[in-house]
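Have a look at the structure below before the remarks.
There are 2 protein chains.
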Amino acid sequence: MAILTEKQKALVEKIGIFHETAGMQPAAARVMGLLFVSSTPQLTFDEITELLQISKSATSNAINLLIQTGQIEYTTFPGDRKRYFKLKIKNWREGFKKKIEVMTGFQVLLREVLELRKEENTHCDCSKLEEVVSFLEFLHQELPKLVERWEKSRT
Amino acid sequence: MAILTEKQKALVEKIGIFHETAGMQPAAARVMGLLFVSSTPQLTFDEITELLQISKSATSNAINLLIQTGQIEYTTFPGDRKRYFKLKIKNWREGFKKKIEVMTGFQVLLREVLELRKEENTHCDCSKLEEVVSFLEFLHQELPKLVERWEKSRT
DNA sequence: TCTTTAGTTCATAATTTTGTGAACTAAAAA
DNA sequence: TTTTTAGTTCACAAAATTATGAACTAAAGA
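Just so you know, the protein sequences line up as chains A and B, in that order. Position in the first sequence (first residue = 1) + 12 = the numbering used here. Position in the second sequence (first residue = 1) + 12 = the numbering used here.
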């Protein structure tokens, strides 16, 4: 069975903490770390369990979460019941788009604020809020173009 | 003392949940919501405590966190010991920059992964990882320019 | 048919996060 | 000097999140 060097273990934790900080469950975050770091491009359920020293249920839980959120995927081989898990990095563009959606989605809440303030007839200055709304709108338009621009720059 | 309408209360919660989802502590997230929604442009410690129905310690904790992370600020008035808290929306550009830094900061971890893989002499395909690194680099360069472009478009 | 494999599920335990209220502080007011 | 105001601090409680291990399932192999 594959084993991790100390350096690899440390990096798994580092990447784990990064994802944890971004709101991911600890075990799932370590699985991400492991799949990034592992020299083997794909790992089985049991390998993940053993390399991370977590219980089978923790692994099951983490893996299902990551599959559901589109961050990992698996392949199988004929005559082998194991699933081989790997990062779905092909999809990083998708992931980026999702992040943009969330960020610019705050716009909707800000509009509600502005609407409500109008109703309540308050006389306070809303120009800064309007500025943020405008910027989020701008981002929403421009970020996809930016991705395209990058894609062209690579060909 | 100011009181919130049902609509306002609902929106405070909505904005609260948005910030909570983004990793903020619940109470702090409600304070953000309140300061966005409140028709009064600034609120005192006690107003926050009463409007949100939380304890003084929860308010103290939340406020200090938000001040520390540069998301709110306060003003005072001569002959009045109270602090009047408000959003530091002037700083939203700063906040945006911070978010970019965090996101593109993942690049550093990815480089470590690539470095380690080279050391371990693995033969697996790293091209997708390199692609992500390249894109994060591109973003790091381009996003500040994008902000500038938006600023010009507004004048 | 019996066993093994590759997981899943669930009750419960451990840990972490968050909130509370009472006691405290430091400055201003009376 | 005593009291009030505007908070802060801290020990503890409540709640939410995670992890565990034992029991289970469903398919494949012997």
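Glycine included, C-beta positions come from ideal geometry on N, C-alpha and C. Since we're looking at a predicted model, the values are computed, not measured.
Measure from the alpha carbon of residue i to the alpha carbon of each residue in the options, then state which is nearest.
i, options, result
"R123 (chain A)", "A:T52, A:K109, A:F147, A:I15", "A:F147"
"E143 (chain A)", "B:W104, B:E85, B:L64", "B:W104"
"A8 (chain B)", "A:T17, A:K130, A:E18, A:L121", "Nothing in the structure corresponds to residue 8 (chain B), since chain B is present only between 13 and 167."
"S72 (chain A)", "A:G91, A:C136, A:A40, A:V24", "A:A40"
Quick one: is residue i buried, meaning 16 or more other Cβ sit within 10 Å of its Cβ, or exposed?
i, result
"S67 (chain B)", "exposed"
"V15 (chain B)", "The sequence as given places Ile at residue 15 (chain B); Val does not occur at that position. By the neighbour-count rule (16 or more Cβ atoms within 10 Å), I15 (chain B) is not buried but exposed."
"R42 (chain A)", "buried"
"V114 (chain B)", "exposed"
"T167 (chain B)", "exposed"
"E131 (chain B)", "exposed"
"T61 (chain B)", "buried"
"T17 (chain B)", "exposed"
Do residue i and residue j have their CB atoms nearer than 8 angstroms?
i, j, result
"L47 (chain A)", "K98 (chain A)", "yes"
"I75 (chain A)", "V49 (chain A)", "no"
"T56 (chain A)", "R95 (chain A)", "yes"
"E149 (chain A)", "Q119 (chain A)", "yes"
"L128 (chain A)", "C138 (chain A)", "no"
"T116 (chain A)", "L151 (chain A)", "yes"
How many whole angstroms separate the CB atoms of residue i and residue j, which I take to be in contact at a CB cut-off of 8 angstroms?
i, j, result
"Q80 (chain B)", "K100 (chain B)", "Not a contact, Cβ separation roughly 12 angstroms."
"L77 (chain A)", "Q37 (chain A)", "7 angstroms"
"K164 (chain B)", "K140 (chain A)", "19 angstroms between Cβ atoms; not a contact."
"M13 (chain A)", "E85 (chain A)", "About 22 angstroms separates the two Cβ atoms, so there is no contact after all."
"T87 (chain B)", "Q54 (chain B)", "7 angstroms"
State whether the stretch 136-155 of chain A contacts the stretch 98-116 of chain A, with contact taken as three or more CB pairs (one from each stretch) at a distance under 8 angstroms. Three or more Cβ pairs closer than 8 angstroms define a contact, and the stretch 136-155 of chain A meets that threshold against the stretch 98-116 of chain A.
Stretch pair the stretch 29-42 of chain B + the stretch 130-144 of chain A: three plus CB contacts closer than 8 angstroms: Taking 8 angstroms as the limit for Cβ pairs, the verdict is that the stretch 130-144 of chain A does not touch the stretch 29-42 of chain B.
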